[in-house]
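Under our numbering, residues 3 to 370 are what the sequence shown spells out, in order. All C-beta atoms, glycine included, are put in the ideal place defined by N, C-alpha and C. None of these values were measured; they are calculated from a predicted model. The structure appears below as structure tokens.
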Amino acid sequence: MGAVSATLDSTPAADGFRMPGEFESHSGCWMVWPERPDNWRLGAKPAQEAYAAVAAAVAVSEPVTMAVSDAQFDHCRSLLPASVRVVEMSTDDAWIRDTGPTFVVDGAGGRRGVDWRFNAWGGLDGGLYFPWDRDDRVAAKVLEIEGAERYRAPIVLEGGSIHVDGEGTVLVTEECLRNRNRNPELSREQIEAALHAYLGTEKVVWLGRGVYEDETDGHIDNLACFARPGVVLLTWSDDESDPQHEISRDALNRLESATDARGRSFEIVRLPSPGPLEISAEEARGVDSVAGTQPRRAGDRLAGSYANFYLGNGRIVFPLLDERTDDEAAEILIGYFPEREVIGVPAREILLGGGNIHCITQQVPIAG
Ligand code: KQY
3 MGAVSATLDS TPAADGFRMP GEFESHSGCW MVWPERPDNW RLGAKPAQEA YAAVAAAVAV
63 SEPVTMAVSD AQFDHCRSLL PASVRVVEMS TDDAWIRDTG PTFVVDGAGG RRGVDWRFNA
123 WGGLDGGLYF PWDRDDRVAA KVLEIEGAER YRAPIVLEGG SIHVDGEGTV LVTEECLRNR
183 NRNPELSREQ IEAALHAYLG TEKVVWLGRG VYEDETDGHI DNLACFARPG VVLLTWSDDE
243 SDPQHEISRD ALNRLESATD ARGRSFEIVR LPSPGPLEIS AEEARGVDSV AGTQPRRAGD
303 RLAGSYANFY LGNGRIVFPL LDERTDDEAA EILIGYFPER EVIGVPAREI LLGGGNIHCI
363 TQQVPIAG
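Shown next, in the form of structure tokens:
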């Protein structure tokens, strides 16, 4: 869809920019307020409480900006701490990890943004809603407010489908990036070239499938992430009868036989899986049925994962999903992020919308 401001003609890599790891310092974090009743139950009220709790938790260690429609502006403002900046913006839904810009820096005070093409996780071939034109303009608007120049990337990609280590490596899944509903005209080599050009990376590590029944077609941010260069946290299930076991086993095998852009082997840390979790009948009843949007049916498996956390300046904000596994996940996170507070936020309402805390946040790295 149409751009709102001029774009740069070159690429970040050509201009000396790279995407930093999420563990590097941020100047802030963006979120978008949930509202649509065909994705969020009970008119999005429970999800709004969950988003507000995430915003409040992140805002303790870095500035948060919440984008919201005119209709929800006053209500949103009333639920957020005063320290959270609220700005009006038109959107189709509330997943800024995927609709917002990917920020890149040059190490000399420069910060720019990549505005990927967005097609609502698959367009008319398995995408989650139509239309998505307002979401496709979110990145340009955020960059306008941030005063950052913009690269309009020529490929369909969501921010949740990539994780970088900031030192040349990008982690992705074949299920998403090789899906026919994203960039069917591109070969694997062409996708790798585009990632390197727009992220400033040098090596792609390909995992296979993402978390079982993930409606994003297997985003990496729900399956695995970098705690720091060389250390990958991976969603795991010991239960061999659960389809997640084979998916995670395959990811583990691939990571064990891979090296990163600097030639290092990975330390791989297993995070427990919550559940299995399912949508209850009451939860399904609360979502408005609308043709063309993802149905929410009682009994459908939810793609819950503790890897889907926000790695903030002083805090890890992670999803509380299951009393049986929350503490174990917290202990692992505490062990790998000893210098940050680890804060759990009840996140089932976010999961019911199809993602989690990482999907609803977008860091702005410092322009160092
Ligand atoms: O996981 C994400 N990055 C986004 C999830 C989108 C779900 C839309 N219903």
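Cβ contact check for the stretch 178-185 and the stretch 112-130: 3 or more pairs under 8 Å: Short answer: they touch.
Here's the rule I'm using: 16 or more other beta-carbon atoms within 10 Å means buried, otherwise exposed. How should Asp72 be labelled? So Asp72 counts as exposed.
List in chain order: all unbroken alpha helix (DSSP H) runs of 4+ residues lying wholly within the stretch 102-144. Here the runs fully enclosed are 135-138.
Using 8 Å as the cut-off, classify the Cβ of Asp162 as near or not near the heavy atoms of the ligand KQY, replying yes or no. Reading the sequence as shown, one finds Gly at residue 162 and not Asp. Correct: Gly162 has its Cβ closer than 8 Å to the ligand KQY.
Report all residues from its chain with a CB closer than 8 Å to the CB of Ala155; omit the five preceding and five following residues, and keep chain order. Cβ neighbours of Ala155 beyond the five flanking positions: Val116, Asp117, Trp118, Arg119, Ala196 and Tyr200.
Excluding the 5 residues flanking Val233 on each side, which residues of the same chain have their C-beta closer than 6 Å to its C-beta? Excluding residues up to 5 positions away in sequence, Glu269 lie with their Cβ nearer than 6 Å to the Cβ of Val233 in the same chain.
Excluding the 5 residues preceding and the 5 following Asp137 in the sequence, name in chain order all residues of the same chain whose CB lies nearer than 6 Å to its CB. Within the same chain, Asp137 has close Cβ partners Thr93, Asp94, Thr101 and Phe120.
So the candidates are Ile157, Ala61, Gly294 and Asp302; which of them puts its Cα closest to the Cα of Leu313? Ranking Ile157, Ala61, Gly294 and Asp302 by Cα distance to Leu313 puts Ala61 first.
On a Cα-Cα basis, can you pick out the residue from Glu146, Arg99 and Ser189 that is closest to Asn310? Of the candidates Glu146, Arg99 and Ser189, the one whose C-alpha sits nearest the C-alpha of Asn310 is Arg99.
Unbroken beta strand (DSSP E) runs of length 3 or more, entirely within the stretch 135-220: which are they? Within the stretch 135-220, the runs of beta strand (DSSP E) that reach at least 3 residues and sit entirely inside it are, in chain order, 151-158, 171-175 and 205-209.
Nearest by alpha-carbon distance to Glu176: which of Gly210, Leu145 and Asp40 is it? The residue with the shortest Cα to Cα distance from Glu176 is Gly210.
Using 10 angstroms around the beta-carbon of Gln192, count the other beta-carbons present and answer buried if the total reaches 16, otherwise exposed. Here Gln192 is exposed. Its C-beta has fewer than 16 other C-beta atoms within 10 Å.
Give the range of the beta strand (DSSP E) segment to which Pro348 is assigned. DSSP places Pro348 inside the beta strand (DSSP E), whose first and last residues are Glu343 to Pro348.
Taking just the CA atoms, how far does Arg298 sit from Ala283? Spanning the two alpha carbons is a distance of roughly 10 Å.
Which parts of the stretch 246-278 are runs of the alpha helix (DSSP H), unbroken and 4 residues or longer, counting only runs that do not cross its ends? Entirely contained in the stretch 246-278, not one alpha helix (DSSP H) run reaches 4 residues.
For Ile281, three-class secondary structure by DSSP: Coil at Ile281, not helix or strand.
At which residues does the beta strand (DSSP E) containing His360 begin and terminate? For His360, no beta strand (DSSP E) run applies, since DSSP gives it neither H nor E.
What residue range is occupied by the uninterrupted alpha helix (DSSP H) comprising Val60? Segment Lys47 to Ala61, the alpha helix (DSSP H) holding Val60.
What would DSSP say about Phe75, mapped onto helix, strand or coil? It is helical.
Tell me where the alpha helix (DSSP H) around Ala332 begins and ends. Per DSSP, Ala332 belongs to the alpha helix (DSSP H) from Asp328 to Tyr338.
DSSP three-state assignment for Arg99, whether helix, strand or coil: Note: Arg99 maps to helix in three-state DSSP.
According to DSSP, Trp42 sits in a beta bridge with which residue or residues? Paired residue(s): none; Trp42 is not in a bridge.
Per DSSP, Ile318 is paired with what? Ile318 pairs with Leu313 and Val344.
Supposed close pair Arg152, Arg114 - CB separation, criterion 8 Å: Sure, about 7 Å apart at Cβ, within 8 Å.
Skipping 5 residues on each side, what residues in its chain have a beta carbon closer than 6 Å to that of Cys361? Taking C-beta separations shorter than 6 Å and ignoring five residues to either side along the sequence, the partners of Cys361 in its chain run Trp97, Arg99 and Gly162, following chain order.
Val213 versus Ala57 - alpha carbon distance: C-alpha separation (whole angstroms): 25 Å.
N-terminal and C-terminal residue of the beta strand (DSSP E) that Gln296 is part of: No beta strand (DSSP E) holds Gln296; DSSP gives it neither H nor E.
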